[in-house]
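Read through the structure below, which is laid out as structure tokens, and then see the notes.
There are 2 protein chains.
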Amino acid sequence: MWFNYFGAMITLTEENYIKAIYQLGKYGTVNASTNSIADALETKASSVTDMIKKLADKGYVNYKPYQGVKLTQKGKKIAADVVRKHRLWEVFLVEKLNFSWDEVHDIAEQLEHIKSEKLINELDKLLDYPTHDPHGDPIPDKSGDIKKTDKTLLFNLDENAKGICVGVKDTSSAFLKYLDKYNIALGSKITVLSKEAFDDSMVIQIGETTINISQVVANNLFIKEQ
Amino acid sequence: MWFNYFGAMITLTEENYIKAIYQLGKYGTVNASTNSIADALETKASSVTDMIKKLADKGYVNYKPYQGVKLTQKGKKIAADVVRKHRLWEVFLVEKLNFSWDEVHDIAEQLEHIKSEKLINELDKLLDYPTHDPHGDPIPDKSGDIKKTDKTLLFNLDENAKGICVGVKDTSSAFLKYLDKYNIALGSKITVLSKEAFDDSMVIQIGETTINISQVVANNLFIKEQ
DNA sequence: ATATAAATTTAGATTAATCTAAAAATTTAT
DNA sequence: ATAAATTTTTAGATTAATCTAAATTTATAT
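These protein sequence lines map, in sequence, to chains S and G.
Residues in the first sequence are numbered from 0 upward in steps of one, following numbering that gives the first Met the number 0.
Residues in the second sequence are numbered from 0 upward in steps of one, following numbering that gives the first Met the number 0.
Pasting the structure below:
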């Protein structure tokens with residue numbers, strides 16, 4: 000039996016729902032729809048309805064039938080803790096255990112549910128208090144706060160604009176391997192050489208090399224403009 | 000959905016039963032009784048009967064009604080893997096995250112179920128291939144083999160015998176804290192100064208200090224005689 | 001404004017793991 | 001060797017999480 004921050008018991012399934020609601024509802028500030036939760040968790044809408052009623056009973060979400068759900072403060076704290084753990088474990092896997100950024104997600108999905116405050120605080124210390132995970136996503140602090148940096152999609156940069164790659168939107172293994180192949184990594188300096196109106200592709204420069212990327216790629220790379 | 004070494008799905012509950020059977024049945028070589036399994040897992044005998052039927056169906060144990068169960072080769076491999084992970088995580092917690100030996104058990108109980116071969120192999124490497132956990136218990140190797148060293152309980156030593164503390168039988172927090180208090184740790188040199196027939200207590204020397212220990216303590220400390 | 005489509009909820013079943021109480025088998029003690 | 005005690009199994013229920021299919025509500029389009 001495991002108990003959360005508030006001294007209440009919480010199941011692994013409940014944690015996963017709360018996390019999904021957090022991420023779908025822009026960190027818990029807007030309503031997440033029943034169907035979007037079902038899609039995110041690869042389950043059925045009817046299962047979601049059942050579960051959100053239970054979460055509402057326990058005080059993790061506010062729910063009005065047909066209106067979707069929004070996290071309460073209590074729910075937000077749970078979600079931020081799970082996300083914090085997920086991202087810290089990802090850093091651990093890459094920094095200490097030689098994993099690459101396309102291999103860490105599934106393992107972090109398991110590790111994020113381990114219950115121990117001391118464990119996560121010591122892990123944070125071991126990793127020297129990282130602020131971002133290997134995909135550039137910010138790590139919530141102990142109280143659940145996220146400091147967000149100004150970043151934009153590469154797609155939005157104008158010709159001749161320069162910036163640094165600070166994150167990926169799509170974290171699928173396929174996309175990350177594509178980036179590896181073309182030596183695009185967090186920290187890479189990117190210059191937009193030209194944009195093609197026809198298909199929204201662009202030519203960019205990374206270090207010495209020049210490559211042509213599709214609109215799909217440009218829409219999944221976060222850039223800090225300079 | 001997680002799949003084991005044999006490509007079959009295995010639940011967390013099944014893993015816990017298999018581990019208990021392994022440890023009760025002296026690493027799976029003798030039969031574990033229904034009641035002993037129930038005690039170990041803090042559940043009821045009727046629940047155990049249900050589960051061992053399922054484990055038998057899946058080929059992890061051999062079961063004849065009223066005869067208890069013994070692990071199959073398949074079951075033994077699963078169990079040894081779980082124990083290997085448990086003990087490696089314990090080493091990690093103590094060596095890398097500043098935990099003391101009385102704090103690691105509950106967290107390792109959670110971590111032992113994380114599924115990733117690469118994770119556990121890399122952890123093994125990070126820890127420089129440890130052979131024993133913080134309580135002196137041997138860590139099974141990748142193929143599930145345990146090399147056991149010759150050790151005896153302090154209780155069995157004669158007067159004037161010398162040895163080194165190599166493990167604890169009781170791993171409860173209470174006992175481990177007792178040992179900390181009297182500076183008894185793995186690696187401590189111990190000499191039996193005298194034995195008291197009346198209550199089976201003994202006087203031992205550790206480093207510069209001399210202490211009186213009860214039969215209970217003597218029966219829970221493993222010693223390598225010298 | 002009303003019909004149609006889409007989203008959501010309800011009703012009723014199913015599965016895994018558990019429980020209690022009763023029945024059956026085995027072990028122990030005289 | 002048989003009665004008593006203990007252990008184990010069976011039978012029937014319960015809970016959490018899920019599902020399908022049907023009903024209901026909300027949104028969309030003409």
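Using N, Cα and C, we set each Cβ at its ideal position, and we do this for glycine too.
Rounded separation between residue i and residue j - CA only
| i | j | result |
| --- | --- | --- |
| G/Leu231 | S/Ala184 | This structure leaves residue 231 of chain G out entirely; chain G is present only between 0 and 225. |
| S/Ile77 | G/Ser213 | 46 Å |
| S/Leu46 | S/Tyr65 | Before going further, note that residue 46 of chain S is Ser rather than Leu in the sequence given. So the alpha carbons of these two residues sit roughly 14 Å apart. |
| G/Glu14 | G/His112 | 8 Å |
| G/Val165 | G/Leu152 | 10 Å |
| S/Asp123 | G/Asp179 | 27 Å |
| S/Asp136 | S/Val167 | 8 Å |
| G/Thr170 | G/Lys84 | 17 Å |
| G/Leu54 | G/His131 | 29 Å |
| G/Asp105 | G/Lys18 | 15 Å |
| S/Thr209 | S/Phe174 | 19 Å |
| G/Trp88 | G/Leu40 | 21 Å |
| S/Tyr177 | S/Asn219 | 12 Å |
| G/Lys43 | G/Glu102 | 28 Å |
| G/Glu116 | S/Gln72 | 38 Å |
| S/Gly162 | S/Asp49 | 46 Å |
| G/Gly143 | S/Asn30 | 49 Å |
| S/Leu110 | G/Gln204 | 44 Å |
| S/Leu192 | S/His134 | 25 Å |
| G/Ala79 | G/Asp140 | 8 Å |
| S/Ser187 | G/Glu108 | 41 Å |
| S/Glu195 | S/Asn211 | 10 Å |
| S/Gly27 | S/Phe98 | 31 Å |
| G/Asn34 | S/Val90 | 44 Å |
| S/Glu121 | G/Asp127 | 20 Å |
Residue-level contact to chain S via CB, residue i, 8 Å cutoff
| i | result |
| --- | --- |
| G/Ile17 | no |
| G/Gln109 | yes |
Cross-chain neighbours of residue i in chain S, by beta carbon under 7 Å
| i | result |
| --- | --- |
| G/Lys95 | Leu125 |
Of the residues the options, the one placed nearest residue i, counting alpha carbons only
| i | options | result |
| --- | --- | --- |
| S/Glu207 | S/Asn218, S/Val215 and S/Thr190 | S/Thr190 |
| S/Tyr16 | S/Val29, S/Met8, S/Tyr59 and S/Lys84 | S/Tyr59 |
| S/Ile138 | S/Ala37, S/Lys73, S/Arg86 and S/Thr48 | S/Arg86 |
| G/Ile36 | G/Val68, G/Lys63 and G/Lys188 | G/Val68 |
| G/Ala217 | G/Ala79, G/Lys176 and G/Ser200 | G/Ser200 |
| S/Lys114 | S/Thr10, S/Asn159 and S/Ile222 | S/Thr10 |
| S/Lys57 | S/Thr48, S/Gly74 and S/Lys63 | S/Gly74 |
| S/Leu125 | S/Lys141, S/Glu94 and S/Phe154 | S/Glu94 |
| G/Gln225 | G/Phe197, G/Pro129, G/Ala196 and G/Asn159 | G/Asn159 |
| S/Trp100 | S/Lys52, S/Ser172 and S/Ile51 | S/Ser172 |
| G/Lys223 | G/Lys150, G/Asn34 and G/Tyr62 | G/Lys150 |
| G/Phe154 | G/Ile145, G/Pro129 and G/Val215 | G/Val215 |
| G/Lys147 | G/Phe221, G/Asp127, G/Ala7 and G/Asp38 | G/Phe221 |
| G/Asn61 | G/Thr12, G/Tyr21 and G/Val82 | G/Tyr21 |
| G/Leu156 | G/Asn120, G/Pro129 and G/Val202 | G/Val202 |
| G/Ile145 | G/Ile51, G/Lys63, G/Lys25 and G/Glu121 | G/Lys25 |
| G/Thr12 | G/Phe197, G/Leu96, G/Pro129 and G/Val81 | G/Val81 |
Interface residues of chain G facing residue i [CB-CB closer than 7 Å]
| i | result |
| --- | --- |
| S/Ser172 | Ordered by position in chain G, no residue passes the 7 Å Cβ test against S/Ser172, which lies about 14 Å from the chain. |
Contact set between residue i and chain G, taken where Cβ atoms lie within less than 8 Å
| i | result |
| --- | --- |
| S/Leu122 | Leu96 |
Opposing strand residues paired with residue i [DSSP bridges]
| i | result |
| --- | --- |
| S/Asn211 | S/Val202 |
| G/Glu94 | G/Glu94 pairs with nothing; no bridge assigned. |
| G/Tyr177 | G/Tyr177 pairs with nothing; no bridge assigned. |
| S/Glu224 | S/Gly162 |
| S/Met50 | BP columns for S/Met50 are empty, so no partner. |
| G/Asn61 | G/Lys69 |
| G/Ser193 | G/Val202 |
| G/Ala152 | In the sequence on display, residue 152 of chain G carries Leu and not Ala. DSSP lists G/Phe221 as partners of G/Leu152. |
| S/His131 | S/Pro137 |
| S/Lys188 | S/Ile163 |
Chain S residues whose Cβ lies nearer than 9 Å to that of residue i
| i | result |
| --- | --- |
| G/Ile106 | Ile113, Lys114, Ser115, Lys117 and Leu118 |
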